[in-house]
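Number of protein chains: 4
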Amino acid sequence: MKEELTKHSVVLFQQKGFSETSIQDIVDSIGVTKGTFYYYFTSKEMLLMEIHERYIDDLLNRQKAILEQIESYRAKIVGIVKLIIHDLQTQGPNGRIYFREMRNLAPENVEKIKKKREAFRLNVEQVLRDGIQAGEFRENLQPKMIAFAILGVTNWSYQWFNPSGDVSVQELADMYVDFILNGIISERD
Amino acid sequence: MKEELTKHSVVLFQQKGFSETSIQDIVDSIGVTKGTFYYYFTSKEMLLMEIHERYIDDLLNRQKAILEQIESYRAKIVGIVKLIIHDLQTQGPNGRIYFREMRNLAPENVEKIKKKREAFRLNVEQVLRDGIQAGEFRENLQPKMIAFAILGVTNWSYQWFNPSGDVSVQELADMYVDFILNGIISERD
Amino acid sequence: MKEELTKHSVVLFQQKGFSETSIQDIVDSIGVTKGTFYYYFTSKEMLLMEIHERYIDDLLNRQKAILEQIESYRAKIVGIVKLIIHDLQTQGPNGRIYFREMRNLAPENVEKIKKKREAFRLNVEQVLRDGIQAGEFRENLQPKMIAFAILGVTNWSYQWFNPSGDVSVQELADMYVDFILNGIISERD
Amino acid sequence: MKEELTKHSVVLFQQKGFSETSIQDIVDSIGVTKGTFYYYFTSKEMLLMEIHERYIDDLLNRQKAILEQIESYRAKIVGIVKLIIHDLQTQGPNGRIYFREMRNLAPENVEKIKKKREAFRLNVEQVLRDGIQAGEFRENLQPKMIAFAILGVTNWSYQWFNPSGDVSVQELADMYVDFILNGIISERD
DNA sequence: TATGAATGAGCGTTCATTCAT
DNA sequence: TATGAATGAACGCTCATTCAT
Numbered sequence: 001m002k003e004e005l006t007k008h009s010v011v012l013f014q015q016k017g018f019s020e021t022s023i024q025d026i027v028d029s030i031g032v033t034k035g036t037f038y039y040y041f042t043s044k045e046m047l048l049m050e051i052h053e054r055y056i057d058d059l060l061n062r063q064k065a066i067l068e069q070i071e072s073y074r075a076k077i078v079g080i081v082k083l084i085i086h087d088l089q090t091q092g093p094n095g096r097i098y099f100r101e102m103r104n105l106a107p108e109n110v111e112k113i114k115k116k117r118e119a120f121r122l123n124v125e126q127v128l129r130d131g132i133q134a135g136e137f138r139e140n141l142q143p144k145m146i147a148f149a150i151l152g153v154t155n156w157s158y159q160w161f162n163p164s165g166d167v168s169v170q171e172l173a174d175m176y177v178d179f180i181l182n183g184i185i186s187e188r189d
Numbered sequence: 001m002k003e004e005l006t007k008h009s010v011v012l013f014q015q016k017g018f019s020e021t022s023i024q025d026i027v028d029s030i031g032v033t034k035g036t037f038y039y040y041f042t043s044k045e046m047l048l049m050e051i052h053e054r055y056i057d058d059l060l061n062r063q064k065a066i067l068e069q070i071e072s073y074r075a076k077i078v079g080i081v082k083l084i085i086h087d088l089q090t091q092g093p094n095g096r097i098y099f100r101e102m103r104n105l106a107p108e109n110v111e112k113i114k115k116k117r118e119a120f121r122l123n124v125e126q127v128l129r130d131g132i133q134a135g136e137f138r139e140n141l142q143p144k145m146i147a148f149a150i151l152g153v154t155n156w157s158y159q160w161f162n163p164s165g166d167v168s169v170q171e172l173a174d175m176y177v178d179f180i181l182n183g184i185i186s187e188r189d
Numbered sequence: 001m002k003e004e005l006t007k008h009s010v011v012l013f014q015q016k017g018f019s020e021t022s023i024q025d026i027v028d029s030i031g032v033t034k035g036t037f038y039y040y041f042t043s044k045e046m047l048l049m050e051i052h053e054r055y056i057d058d059l060l061n062r063q064k065a066i067l068e069q070i071e072s073y074r075a076k077i078v079g080i081v082k083l084i085i086h087d088l089q090t091q092g093p094n095g096r097i098y099f100r101e102m103r104n105l106a107p108e109n110v111e112k113i114k115k116k117r118e119a120f121r122l123n124v125e126q127v128l129r130d131g132i133q134a135g136e137f138r139e140n141l142q143p144k145m146i147a148f149a150i151l152g153v154t155n156w157s158y159q160w161f162n163p164s165g166d167v168s169v170q171e172l173a174d175m176y177v178d179f180i181l182n183g184i185i186s187e188r189d
Numbered sequence: 001m002k003e004e005l006t007k008h009s010v011v012l013f014q015q016k017g018f019s020e021t022s023i024q025d026i027v028d029s030i031g032v033t034k035g036t037f038y039y040y041f042t043s044k045e046m047l048l049m050e051i052h053e054r055y056i057d058d059l060l061n062r063q064k065a066i067l068e069q070i071e072s073y074r075a076k077i078v079g080i081v082k083l084i085i086h087d088l089q090t091q092g093p094n095g096r097i098y099f100r101e102m103r104n105l106a107p108e109n110v111e112k113i114k115k116k117r118e119a120f121r122l123n124v125e126q127v128l129r130d131g132i133q134a135g136e137f138r139e140n141l142q143p144k145m146i147a148f149a150i151l152g153v154t155n156w157s158y159q160w161f162n163p164s165g166d167v168s169v170q171e172l173a174d175m176y177v178d179f180i181l182n183g184i185i186s187e188r189d
């Protein structure tokens with residue numbers, strides 16, 4: 001039941017937004033009463049918190065696996081990009097909430113989640129830094145800014161990409177890996 | 001007064017979100033009463049609509065100028081990237097609302113705004129398409145997806161970039177132009 | 001278990017009030033679940049009813065003993081005053097509920113308790129009436145009003161007296177006996 | 001309207017208790033909506049706070065007048081007793097709330113009211129102390145405890161006395177003045 | 001004897017909106 | 001042009017109670 005509530009909440013939050021989704025909406029969507037919701041969650045915020053935490057924890061775990069298993073820094077970046085893009089299909093709504101609704105958490109919870117999100121980004125930064133030193137990436141890159149740029153490319157796709165449209169998730173991932181690695185210019189200046 | 005209301009609304013919406021900002025909050029921030037608000041706006045949604053429309057119209061105008069005045073396609077892309085990034089400083093709050101709060105518009109209004117946002121993106125797409133044909137950009141690019149990638153890099157910065165931090169808006173813009181044009185890889189494989 | 005539930009309820013009711021204490025609070029305080037509560041009590045009101053009834057029945061019994069065993073009417077009054085005041089220490093919380101929470105009983109239960117409370121008071125009244133006739137008390141007293149006055153002095157102490165403070169229960173009882181018998185004036189006019 | 005709301009609230013609180021009276025009950029009783037209530041009061045607690053404060057402030061003012069205008073200490077005590085008893089008629093419901101519902105205020109507000117209530121009692125204590133020294137009252141009295149006893153007699157009447165019954169407020173006041181001054185015993189032992 | 005899941009009614013509160021002035 | 005009183009619907013949440021197990 002708790003799982004059920006979470007699952008339906010995620011879909012609703014993604015469709016209408018956290019503030020715009022009422023507990024009534026959630027419980028109506030699975031035919032139980034509000035009391036039931038509060039039997040499983042102490043508050044609406046706690047539900048959002050759980051969704052956030054579960055998502056980022058999962059992401060961090062899988063990022064860790066990539067960082068440990070793959071050797072070249074280029075391959076690590078490729079792995080992380082593909083990780084995010086592939087989630088579009090399997091975790092779509094979860095991700096869309098994750099990338100939007102954080103304002104509605106209490107300050108202390110925002111902090112907790114922010115730390116984990118930063119950890120994810122800092123890992124990307126570290127790969128870039130190491131890869132620059134190893135000569136795999138260009139020397140004049142600012143790791144921090146470029147990490148944000150890469151995450152911008154991938155995360156932004158959660159705003160518009162339709163996994164069941166013309167372009168498949170695989171194709172998108174390949175294109176973005178190529179874009180990130182090579183840019184768009186036809187030949188070096 | 002209408003201007004005043006809009007300006008303060010933008011700041012509040014950006015800080016707390018549209019749903020989380022009450023009309024009371026808005027009018028309190030400039031010391032008038034709710035009646036006054038409804039003298040100038042027919043509804044809270046209409047205010048949001050105006051903010052959106054004004055922002056995207058302005059963006060489209062300036063994009064148009066770039067497209068018309070600059071010759072090379074590379075330069076056009078550079079121009080558009082710099083346009084978005086520079087707005088971080090001058091239009092920060094406006095942009096942040098623009099990139100987030102669209103859910104709260106009625107379907108017909110969403111459609112209206114969406115069309116204009118698409119126009120902006122389609123212009124980027126067109127530049128890419130033309131640039132590919134002209135040999136300025138790599139041939140194997142999918143213009144649509146790459147347009148989204150470029151906008152991802154730039155728009156995402158509205159989520160985290162602090163214009164008064166270590167890195168200036170100019171520096172960020174330069175870095176992102178470089179990233180978009182050249183990617184991160186050190187040398188072609 | 002029933003005893004356990006009652007005992008903890010009494011303490012909680014006294015601390016927070018009947019309406020402000022939830023069944024959850026009660027069962028949490030002894031580590032069982034709500035189901036258990038409803039196994040032993042048909043409703044929250046019934047618990048309150050039992051507390052009230054038990055308290056007043058006990059009080060009536062002990063009042064009866066005093067009325068039967070002691071001869072002089074003055075001594076009977078002294079006995080009753082001491083009975084109430086001494087309960088402050090042994091029955092504190094019980095008494096405090098008794099003197100406050102009756103509103104939350106159903107009308108028919110209120111009636112039942114009220115009758116017993118009245119019986120207690122009427123016994124005081126009777127002692128006064130008999131004592132006046134026997135010349136032990138002043139002639140111009142209205143027994144009913146004076147009974148209320150005496151109970152006011154004693155019962156009110158449940159609102160403020162701290163049995164473990166400077167003044168002991170014994171001292172308070174002695175003072176109040178003296179006050180009730182002699183008043184405060186220094187000499188007869 | 002605010003006055004109206006307060007007046008009806010007082011009656012309802014007295015009849016059913018604070019927790020047992022809903023905002024809906026209050027607004028229904030004068031045919032407005034809940035929104036109206038919250039236009040005038042920031043919370044239910046604030047309403048209770050206002051009732052308390054208004055009542056105790058008024059009481060303190062009138063007590064002050066008595067303390068200043070009347071010379072003998074006996075007369076001062078008589079004045080205070082009559083003040084409280086007479087309020088039964090004019091302020092009945094207000095008083096009944098005052099003597100019961102304080103648990104529902106936030107700690108800081110409880111403190112504020114408690115201080116004022118204590119001031120009232122301490123004034124009685126002071127009169128007793130001065131009166132003892134002046135020889136108007138018996139020497140062996142403990143002012144603090146006796147102050148509580150006197151207030152017990154008077155305040156308790158708010159629990160049972162019906163001003164429109166057999167005994168008038170004046171008669172009750174006279175009886176209680178007599179009781180407090182002389183006690184009930186027929187002759188000294 | 002005790003649990004735990006579920007209910008449903010109600011509560012205090014918020015808020016966009018209306019409208020007479 | 002602006003106010004302030006009022007509305008009414010909705011919201012997050014609580015809680016006494018039920019009941020199958």
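Chains as they are written, first to last, in full-length UniProt numbering: chain A, 1 to 189; chain B, 1 to 189; chain C, 1 to 189; chain D, 1 to 189.
The C-beta atom is built at its ideal place from N, Cα and C for all residues, glycine as well.
- Please say whether I85/B and M172/B have beta carbons closer to each other than 7 Å? Position check: residue 172/B holds Leu in this sequence, whereas Met was assumed. Contact: yes.
- Task: Could you give the DSSP three-state label for E139/A: helix, strand or coil?
- Result: coil
- Below 8 Å on the Cβ atoms is my guess for K116/D versus L60/D; work out the distance and round it to an integer in Å. 6 Å
- Going by C-alpha distance, which of P107/B, L141/B and V177/B is nearest E45/B? When only C-alpha atoms are compared, the closest one is P107/B.
- E53/B versus S168/B, F120/B and I113/B, residue with shortest Cα-Cα distance: I113/B
- In angstroms with no decimal places, state the Cα-to-Cα distance between V110/B and V124/B. 21 Å
- How is the alpha helix (DSSP H) around E111/A delimited, first residue to last? P107 to Q133
- Item | Straight-line gap, I184/C to R138/D (C-alpha atoms, nearest Å) | 6 Å
- Measure the alpha-carbon distance for K144/C versus Y39/A and round it to whole angstroms. 53 Å
- Message: With a threshold of 7 Å between beta-carbons, can A119/B be considered close to chain A, or not?
- Response: no
- Query: How about residue 190/B and I70/B: do their beta carbons lie closer than 7 Å?
  - Reply: This structure cannot speak to residue 190/B, because chain B is shown only from 1 to 189.
- Query: Regarding R96/B and the ligand HEM, is the C-beta to nearest heavy atom distance less than 6 Å?
  - Reply: Here there are no bound small molecules, and the ligand HEM is not part of this structure.
- Item | Extent of the continuous alpha helix (DSSP H) to which M49/D belongs | Following the DSSP letters along the chain, one finds M49/D inside the alpha helix (DSSP H) bounded by residues K44 to Q69.
- Query: In whole angstroms, what is the alpha-carbon distance linking D28/D and N104/C?
  - Reply: 22 Å
- Task: Please say whether L88/C and V169/C have beta carbons closer to each other than 7 Å?
- Result: yes
- Task: Would you please verify whether the beta carbon of Q69/D is less than 7 Å from any beta carbon of chain C?
- Result: no
- Message: Using 7 Å as the threshold, is the C-beta distance between V81/A and V153/B below it?
- Response: no
- Task: With DSSP as the reference, label I185/D as helix, strand or coil.
- Result: strand
- Task: Please work out which residues of its chain come closer than 6 Å, Cβ to Cβ, to N94/C, disregarding the five sequence neighbours upstream and downstream, and give them in chain order.
- Result: V10 and Y55
- Are F120/C and N155/C closer than 7 Å when you measure CB to CB? no
- Please compile the residues from chain D whose C-beta is within a distance smaller than 8 Å of the C-beta of F148/C. W156, S157, W160 and F161
- Whose C-alpha, out of F41/C, R62/C, S43/C and A149/C, is nearest the C-alpha of Q159/D? A149/C
- Item | chain A contact for Q142/B (CB, 7 Å cutoff) | yes
- Query: Under 7 Å, do L5/C and D25/C count as touching if we go by C-beta distance?
  - Reply: In this structure, D25/C does not lie closer than 7 Å to L5/C by Cβ.
- Item | Residue burial classification, S157/D (beta-carbon count within 10 angstroms, cutoff 16) | buried
- Is there a Cβ from chain C that is less than 7 Å from the Cβ of E111/D? no
- Should E136/C go down as buried or exposed, given a rule of 16 or more other Cβ atoms within 10 Å for buried? Under a 10 Å Cβ-count criterion, E136/C is classified as buried, with 16 or more other Cβ atoms of the shown protein chains found around its own Cβ.
- Go ahead and label D178/A buried or exposed: buried means 16 or more other beta carbons lie within 10 angstroms of its beta carbon, across all protein chains shown. Taking every protein chain shown into account, the CB of D178/A has 16 or more other CB atoms within 10 angstroms, so this residue is buried.
- Query: By a C-beta neighbour count over all protein chains shown, 10 Å radius and 16 as the cutoff for buried, is E118/B buried or exposed?
  - Reply: exposed
- Nearest-angstrom Cα distance between G79/D and T33/C? 55 Å
- Message: Within 10 Å of its beta-carbon, does D189/D have 16 or more other beta-carbons around it, so buried, or fewer, so exposed?
- Response: Here D189/D scores only 46 on pLDDT, less than 50, and its place in the model should not be relied on; the value that follows carries that caveat. With fewer than 16 other Cβ atoms within 10 Å, it is exposed.
- Query: Is T21/B buried or exposed, if buried means 16 or more other CB atoms sit within 10 Å of its CB?
  - Reply: buried
- Message: On a Cα-Cα basis, can you pick out the residue from G131/B, I146/B and P163/B that is closest to V167/A?
- Response: I146/B
- Message: Do Y73/B and V127/B have their beta-carbon atoms positioned less than 7 Å apart in this structure?
- Response: yes
- Message: As a quick exercise: from E101/B, I132/B, E3/B and D57/B, pick the residue whose alpha carbon is nearest that of K16/B.
- Response: Relative to the Cα of K16/B, the nearest Cα in the group E101/B, I132/B, E3/B and D57/B belongs to E101/B.
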